[in-house]
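>
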């Protein structure tokens, strides 16, 4: 039988292959176009998210407010990065994105929102534990070319970006510093003697005493405009000091005593002072007759102009008052003297006699018993989802007393619930020395290890320049603890601890990124006022201070390789417990913020580290 002719088969195969080739062309061209548009859309979302983060003042949390500044920043960023092959003409006028689109709850036309714990899910592209500010670029329509021949005319792409702000480091210590004692070498905790208070040095006429009682922590420095100031700038003029005292008794002078020089000739005296609030500044001790100010047994608040000789001499100056005639009069008690800081000198604080707390804050946990909360917080940092941050209202309002109440003026207290953005804190009373010892050295079994045992001393970073850990023995158990010193982390040999341990530091990053992983590095909340004993009040966090556990001195000689620390290196052990901790508080502008560094939720002050989250 004659076989059937295969004529025409080629045409059929060719026609089939043309369809296949058109399909491949559609995939290669149109999908390539879609990929390019998706990339443009992602870039738009990324720029928008980064712009929002630059306006973000707190770490992302469910209670945060997406501010108008954040929204407007996203509008500008995304309009400046609109895909230029968009079929709309608005990209030429940079008006495609509006604030209304980003806040109407419709993701398809673009949106800015919080997502994560306590809020909407961030989506399947992210881990379930992430949180942040999420920015959606508007969904983009793509008109297909070759794919039209296959009956598919268009498609859509959309992208989002997740961003948050962080602080460089690993932990917040559950202890506090008080404004005025938050730079330089300080005694952070002293379980043997309790509350941290300013150390009054030996002053001129140190043994004098009279009937006038100066109220502790009552001093307020103000500039010529009446604005409260933390210190007296060097060579400034017309700064005043206001303080309260009881039983002014024929007070004739207010004296300024050098903290670093007890020579009586260095005492600066003035007879001109007036009642606080008196716009006329009527002298309370007019001369003549110069008989002294004596309002009876009433407490009074008075103001005095800081003498030029004081403002021109950088030091800690101490204020006392002199009663009665020159020949028989005496100065008020040196122990009640009130300090002011002139220039960049630092005031060292040490333990005082008050009973109760000694610089420790209550932060709850749910993973240990209540008796283990403080040592666990020392060892591990605060337990998520709780975060700590600055109470912004207390910072922005000069009327703030330093106290706060949960729910008022943005105050957030964590008592048993772990709340993000905790900014109003309670102090702990009666903390034993064993708690500090457990958190830093002994640990709590499987729940936590003593933080100083978690990492060896960095090469060459012990107080004597070796690599050795410090070996200690507590209750017949040996421990090997990290013995780093702060100066070892400097990136040059010219920067000193004195340079970075002051508020006015501006020289930029001077510390190696490795410091952020040292178990001796942490942040400490700063309170406006010294808490009283009893633990019945809550206090606003007004700042955070970078701290390093060491007893190196804040002097110009404390440079890289100087080895100015002692063998205790900030951890004083007596018997079987830690009895004292010494830390250096320093300006976080010296810390690195780039690269592969550990991060915690932004504390609300200091340098913000912005990161896009994958």
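Numbering (the numbering used here), first residue to last: 7 to 620. Backbone N, C-alpha and C define an ideal beta-carbon position, used for all residues, glycine too.
(1) Compute the distance between the beta-carbons of residue 263 and residue 309, then report whether it is under 8 angstroms.
(2) Along the beta strand (DSSP E) that carries residue 108, what are the first and last residues, could you check?
(3) DSSP three-state label for residue 566, please.
(4) Reducing DSSP to helix, strand and coil, say where residue 299 ends up.
(5) Note down the Cα distance separating residue 218 from residue 268, rounded to an integer number of angstroms.
(6) Between residue 564 and the rest of its own chain, which residues show a CB-CB distance below 7 angstroms, the 5 nearest in sequence each way excluded?
(7) Is residue 551 closer than 8 angstroms to residue 532 when the C-beta atoms are compared?
(8) Taking residue 582 and residue 184 to be in contact with their CB atoms under 8 angstroms, please state how far apart those CB atoms are, rounded to whole angstroms.
(9) Mind the definition here: the region 221-229 touches the region 337-346 only if three or more C-beta pairs lie below 8 angstroms; say whether that holds.
(10) Go ahead and pull the three-state DSSP assignment for residue 495.
(11) My assumption, with CB atoms under 8 angstroms, is that residue 490 sits in contact with residue 474. Please give the rounded CB distance.
(12) Can you check which of these residues, 167, 423, 255 and 566, is closest to residue 497 by C-alpha distance?
(13) Report buried or exposed for residue 414, applying the criterion of at least 16 other Cβ atoms within 10 angstroms of its Cβ.
(14) Put residue 170 into one of helix, strand or coil per three-state DSSP.
(15) Ignore the nearest five residues each way along the sequence and tell me which others in residue 423's own chain have a CB closer than 8 angstroms to its CB.
(16) Compare the C-alpha of residue 118 against each of 409, 467, 139 and 455 and name the closest.
(17) Let me know if residue 87 comes out buried or exposed under the rule of 16 or more other beta-carbons within 10 Å of its beta-carbon.
(18) Give me the Cα-Cα distance between residue 48 and residue 123, rounded to the nearest whole angstrom.
(19) Can you tell which of 266, 433, 301 and 574 has the C-alpha that lies nearest to the C-alpha of residue 587?
(20) Does the beta-carbon of residue 19 have 16 or more other beta-carbons within 10 angstroms, so that it is buried, or is it exposed?
(21) Excluding sequence positions up to five away, which residues of its chain have a Cβ less than 7 angstroms from the Cβ of residue 80?
(22) With DSSP collapsed to three states, give me the class of residue 6.
(23) Among 170, 172, 593 and 526, which has the Cα closest to the Cα of residue 556?
(24) Can you tell which of 190, 64 and 131 has its C-alpha closest to the C-alpha of residue 172?
(25) Just tell me which of 192, 329 and 549 has its CA closest to the CA of residue 402.
(26) Grab me the residues of residue 281's own chain with a C-beta within less than 8 angstroms of its C-beta, minus the 5 sequence neighbours each way, in chain order.
(27) When we look at the beta-carbon of residue 327 and count the other beta-carbons within 10 Å, is it buried (16 or more) or exposed?
(28) Below 8 angstroms on the Cβ atoms is my contact criterion, and I expect residue 256 with residue 298 to pass it. Report the Cβ-Cβ distance as a whole number of Å.
(29) Let me confirm a value: residue 52 is counted as buried when at least 16 other C-beta atoms fall within 10 Å, else exposed. Which label applies?
(30) Work out the CA separation of residue 485 and residue 416 for me, nearest whole Å.
(31) Give a yes or no on contact between the region 604-612 and the region 61-75, applying the rule of three or more CB pairs nearer than 8 angstroms.
(32) What's the gap between the Cα of residue 322 and the Cα of residue 507?
(33) By alpha-carbon positions, which one of 338, 340, 421 and 404 ends up nearest to residue 379?
(34) Using C-beta distances below 8 angstroms, list every residue in its chain close to residue 342, excluding the 5 sequence neighbours before and after it, in chain order.
(35) Whose C-alpha, out of 266, 283 and 258, is nearest the C-alpha of residue 294?
(36) Within the same chain, show all residues whose beta-carbon is closer than 7 angstroms to that of residue 576, passing over the 5 residues directly before and after it, in chain order.
Walking through what the data contain:
(1) Taking the first residue of the chain shown as 1, we reach residue 263 at position 257. Taking the first residue of the chain shown as 1, we reach residue 309 at position 303. No, the Cβ-Cβ distance between residue 263 and residue 309 is not below 8 angstroms.
(2) On the chain shown, position 102 is the one that residue 108 refers to. Per DSSP, residue 108 belongs to no beta strand (DSSP E); it is in the alpha helix (DSSP H), 105-108.
(3) Within the chain shown, numbered from 1, the residue matching residue 566 stands at position 560. In this structure, residue 566 counts as coil in the three-state DSSP scheme.
(4) The residue labelled residue 299 in the question sits at position 293 within the chain shown. Strand at residue 299.
(5) The residue labelled residue 218 in the question sits at position 212 within the chain shown. The residue labelled residue 268 in the question sits at position 262 within the chain shown. Computed Cα separation, rounded: 21 angstroms.
(6) As a first step, residue 564 must be located in the chain shown, where it is residue number 558. Within the same chain, residue 564 has close Cβ partners 493, 502, 503, 504, 558 and 570.
(7) Position 526 of the chain shown, counted from the start, is the residue given in the question as residue 532. Position 545 of the chain shown, counted from the start, is the residue given in the question as residue 551. The answer is yes: Cβ separation under 8 angstroms.
(8) For the purposes of this step, residue 582 is taken as residue 576 along the chain shown, with counting starting at 1. For the purposes of this step, residue 184 is taken as residue 178 along the chain shown, with counting starting at 1. That belief does not hold up - the Cβ atoms of residue 582 and residue 184 are roughly 29 angstroms apart, past 8 angstroms.
(9) Inter-segment contact for the region 221-229 and the region 337-346 is present: three or more beta-carbon pairs are separated by less than 8 angstroms.
(10) Taking the first residue of the chain shown as position 1, residue 495 is located at position 489. Residue 495 falls in the helix class under three-state DSSP.
(11) For this step, residue 490 is matched to residue 484 along the chain shown. For this step, residue 474 is matched to residue 468 along the chain shown. Not quite, the Cβ-Cβ distance comes to about 11 angstroms (not below 8 angstroms), so this is no contact.
(12) For the purposes of this step, residue 497 is taken as the residue at position 491 of the chain shown. The candidate whose alpha carbon is nearest that of residue 497 is 566.
(13) Residue 414 sits at position 408 when you count from the first residue of the chain shown. The residue in question, residue 414, is exposed, as its Cβ has fewer than 16 Cβ neighbours within 10 Å.
(14) In the chain shown, residue 170 corresponds to position 164, counting from 1. Residue 170: strand per DSSP, three-state reduction.
(15) Within the chain shown, the letter at position 417 stands for residue 423. Excluding sequence neighbours, residue 423 sits near 370.
(16) As a working mapping, residue 118 is identified with position 112 in the chain shown. Answer by Cα proximity: 139.
(17) In the chain shown, the residue the question calls residue 87 occupies position 81. Buried, by the Cβ-count rule.
(18) By 1-based counting over the chain shown, the position of residue 48 is 42. By 1-based counting over the chain shown, the position of residue 123 is 117. Their Cα atoms are separated by approximately 24 angstroms.
(19) For the purposes of this step, residue 587 is taken as the residue at position 581 of the chain shown. Among 266, 433, 301 and 574, the Cα nearest to that of residue 587 belongs to 574.
(20) By 1-based counting over the chain shown, the position of residue 19 is 13. The residue in question, residue 19, is exposed, as its Cβ has fewer than 16 Cβ neighbours within 10 Å.
(21) The residue labelled residue 80 in the question sits at position 74 within the chain shown. Cβ neighbours of residue 80 beyond the five flanking positions: 54, 57, 58, 108, 118 and 141.
(22) No information on residue 6 is available, as it lies outside the stretch 7 to 620 that the chain covers here.
(23) Mapped onto the chain shown, residue 556 falls at position 550. Nearest option by C-alpha distance: 526.
(24) If you number the chain shown from 1, residue 172 lands on position 166. Taking only the C-alpha atoms, the option nearest residue 172 is 64.
(25) The residue you call residue 402 lines up with position 396 of the chain shown. Looking at the Cα atoms, 549 is the closest of the given residues.
(26) For the purposes of this step, residue 281 is identified with residue 275 of the chain shown, where counting begins at 1. Taken in chain order, the residues that qualify are 288, 290, 306, 307, 308 and 309.
(27) The residue given as residue 327 occupies position 321 in the chain shown. Residue 327 should be labelled buried.
(28) Counting from 1 along the chain shown, the entry for residue 256 is found at position 250. Counting from 1 along the chain shown, the entry for residue 298 is found at position 292. Residue 256 to residue 298, Cβ: 3 angstroms. Contact.
(29) The residue labelled residue 52 in the question sits at position 46 within the chain shown. Classification for residue 52: buried.
(30) Numbered from 1 along the chain shown, position 410 holds the residue referred to as residue 416. Numbered from 1 along the chain shown, position 479 holds the residue referred to as residue 485. Distance between the alpha carbons of residue 416 and residue 485 is about 44 angstroms.
(31) yes
(32) Within the chain shown, the letter at position 316 stands for residue 322. Within the chain shown, the letter at position 501 stands for residue 507. If I take the Cα positions, the gap works out to 15 angstroms.
(33) Locating residue 379 in the chain shown gives position 373, where the first residue counts as 1. The shortest Cα separation from residue 379 among 338, 340, 421 and 404 belongs to 421.
(34) Against the chain shown, residue 342 aligns to sequence position 336. So the qualifying residues of the chain are 219, 220, 222 and 326.
(35) Within the chain shown, the letter at position 288 stands for residue 294. Comparing Cα positions, the closest option is 258.
(36) Within the chain shown, residue 576 is the residue found at index 570, counting from 1. Hits under 7 angstroms: 555, 556, 557, 587, 588 and 589.
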